[in-house]
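Residue numbers (the working numbering), protein chains in the order written: chain A, 9 to 442; chain D, 925 to 1180.
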């Protein structure tokens, strides 16, 4: 059997958590935990035999001995030298899955709550009761079930009704892998209240060269007439494994704008699942991945149109260099009741090397008849004629290639509504595409 | 300035240029005419360094340098400019950004300091005015969604910005109406100087009414079969290419 070693590690960690519950064993939370672990045991870690994991192979995970949420001395001076450190906003920082107060700037007000899961359970039990774990599906994805069973930390962000928050909320995840291979399971909840607006930025970074296995779930509830901007920025080392599921539930007339930007990461699997649980909902999903070396980036998106008069719009772009791999799978469901749906999807890729590969698969399932849906996917090399055109004006070939790739990526970056973040990304992308 | 000797080139196994000899002195305008498929555009492309063509024999000397030894960007930096027959659309790269990069790369080649944003904009405004191109057009993605006339005008604008010593116009008149043609020709005429030379590749004599050449050469089957002054172009306009073809074919037959 595959994954024997890693499954045994998760089993031991689960038992370890159970041992240290100090009398909270019978809590509702722990009931869910126990049930989720049973689901994980049944589903296991996905193998390439699963259709959704056909091109993304986790098998090397089994060779690693992980420390779960180990202590770290990562400090403010370490953070300051990392990219995005100066990005202004309310921030909550986790190092190896553990909340770090020194590196956070919570800035809570009556209208905004940015809390750890533990604090949220104490302070806003009604929100937790209503939303936490209610959207993620643990009966289909083994790793989501595992997350539910093992996550003992995470952030809870709540924007009250009728409030427009200008300043972004930054959730920063640092994996300190200078000395040990680590595993973290983090589960976040973000609630944007009725008629409110917020910008959420998740940033993933590593310090050191060992392996971090990050298994994350972020649930986002966008209430009626609310607007949520969600940016996921990944800049992790080549040894890292990142499996992250962002589960979004949208209510009537809500807007959800996302950009998932993968600058670096050894093995990245992003699931972005949107359930449109109302009418007149709008969403835009953008993605950019620029893997090099042997990096592997897999984006799976799912939009579930349940009711009429909604629109979803998706653009993912990739630049694949060296021997890197890219995967895109975009599912769109248009249910029988979802008449007058507009759903668009586009995935465009540029391959700069003969050894890079891209697998992209659009999947539209439409049960309603009065809808407008389109999808397209292209993968190709840069146009030689365009490169010659630039050369003939005095621009050397590598610079001509870089200019075109940066322009290609800019389509996605330009969608980000935080200028400071956009500028930081532009610089990093320009540097990587050199 | 430019000395082409016995230049031969092919695409895959097809011989296209079969021994071109041509010398151009500073300030001269040479028109290259000829029927379709005679090798006119190939000559322009080979001089600019397009990779699709393989030079099999001959030499090209440009201001004392072996041109064929240089990469396309080095040729540009040395002063060669090719105005494309089909200018390429490049999404996401504005003409301004493109030219700023080009100018500063050329300056770098000559070990000069790059122009800063203010210097560049000043130069751009001045040149845009001289070739009558709209500022707004230059802020858009390069050639993307431009009309045929706008694309050709942008080529001339780029030439004005880069100030080459040899401008090669590859069928710049194709697809232009008479008004657009006049504007483009006027742009070229403004760039004429005692130091700057041009090769004007064209199928029709029309463009030569506005850009008056010093010499006219007729290319046929990869060779220059006739050279003359601007009157030759008028004769071609009147009589077509057939008489030149028969003359050349007869000559070739007699040599075999």
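Here a beta-carbon is modelled for each residue, glycine too, at the ideal position from N, C-alpha and C.
This one's a predicted model, so the numbers in the text were calculated from it and none came from an experiment.
In the DSSP assignment, residue 977(D) falls outside any beta strand (DSSP E), carrying neither H nor E.
Using beta-carbon distances, residue 396(A) counts as an interface residue toward chain D, with a partner under 7 angstroms. Annotation for residue 1096(D): no alpha helix (DSSP H) segment contains it, and DSSP assigns it neither H nor E. In chain order, 121, 123 place their CB closer than 8 angstroms to the CB of residue 131(A), counting only its own chain and leaving out the 5 sequence neighbours on each side. For residue 121(A), the enclosing beta strand (DSSP E) begins and ends at 120 to 124. For a cut-off of 8 angstroms, the C-beta gap from residue 154(A) to residue 223(A) is around 6 angstroms, short enough to register as a contact.
Burial check for residue 291(A): the Cβ neighbour count within 10 Å reaches 16 or more, so the residue is buried. Three or more beta-carbon pairs drawn from the stretch 189 to 201 of chain A and the stretch 102 to 112 of chain A are found closer than 8 angstroms, and the two stretches are therefore classed as touching.
If you ignore the 5 residues before and after residue 1037(D), its C-beta comes within less than 6 angstroms of no other C-beta in its own chain. In its chain, beyond the 5 residues on either side, 358, 360, 409, 412, 413 have a beta carbon closer than 8 angstroms to the beta carbon of residue 390(A). Looking at 346(A), 180(A), 233(A), the one whose alpha-carbon comes closest to that of residue 311(A) is 346(A). Ranked by Cα distance from residue 228(A), the first of 169(A), 235(A), 198(A) is 198(A).
Relative to the Cα of residue 280(A), the nearest Cα in the group 257(A), 25(A), 298(A), 274(A) belongs to 257(A).
Looking at the DSSP output, residue 292(A) bridges to 265(A), 321(A).
Taking the CA atoms as reference points, residue 12(A) sits about 19 angstroms from residue 220(A).
Any Cβ of chain A closer than 7 angstroms to the Cβ of residue 1043(D) would place that residue at the interface, and such an atom is absent. Contact between the stretch 426 to 438 of chain A and the stretch 932 to 945 of chain D is absent: fewer than three C-beta pairs spanning the two stretches fall below 8 angstroms. Around residue 974(D), the beta-carbon contacts reaching into chain A at under 7 angstroms are 396.
Looking only at 1178(D), 1144(D), 1007(D), the smallest Cα-Cα distance to residue 971(D) is reached by 1007(D). Residue burial annotation: residue 28(A) is exposed, with fewer than 16 other C-beta atoms found within 10 angstroms of its C-beta. Rounded to whole angstroms, residue 316(A) and residue 289(A) show a C-alpha spacing of 9 angstroms. Contact between the stretch 196 to 213 of chain A and the stretch 165 to 179 of chain A is established, with three or more Cβ pairs separated by less than 8 angstroms.
Cβ neighbours of residue 428(A) within its own chain (closer than 7 angstroms, five residues either side excluded): 95, 96. Within the same chain, and ignoring the five residues on either side of residue 1057(D) in sequence, the residues whose Cβ sits closer than 6 angstroms to its Cβ are 1077, 1081.
Taking a Cβ-Cβ threshold of 7 angstroms, the residues of chain D close to residue 393(A) are 1012, in chain order. Among the CB atoms of chain A, none fall inside 7 angstroms of the CB of residue 1099(D). Rounded to whole angstroms, the Cβ separation of residue 300(A) and residue 330(A) is 5 angstroms, and the two are in contact under 8 angstroms. In the structure shown, residue 82(A) falls within a coil segment according to DSSP collapsed to helix, strand and coil. In the structure shown, the three-state DSSP call for residue 925(D) is coil. The beta-carbon of residue 935(D) is placed no less than 7 angstroms from the nearest beta-carbon of chain A.
Under the three-state reduction of DSSP output, residue 934(D) falls in the strand class.
Cβ-Cβ separation between residue 277(A) and residue 313(A): approximately 24 angstroms, too far for a contact (criterion under 8 angstroms). 399, 400, 401, 402, 403, 404, 405, 407, 408, 411, 412, 414, 415, 416: these are the residues of the stretch 399 to 416 of chain A whose beta carbon lies less than 9 angstroms from some beta carbon of chain D, given in chain order. Residue 349(A) carries a coil assignment under DSSP once its states are collapsed to helix, strand and coil. Chain D places a beta carbon closer than 7 angstroms to that of residue 418(A), counting this residue as a contact. When C-alpha distances from residue 140(A) are compared across 10(A), 441(A), 128(A), the shortest belongs to 128(A).
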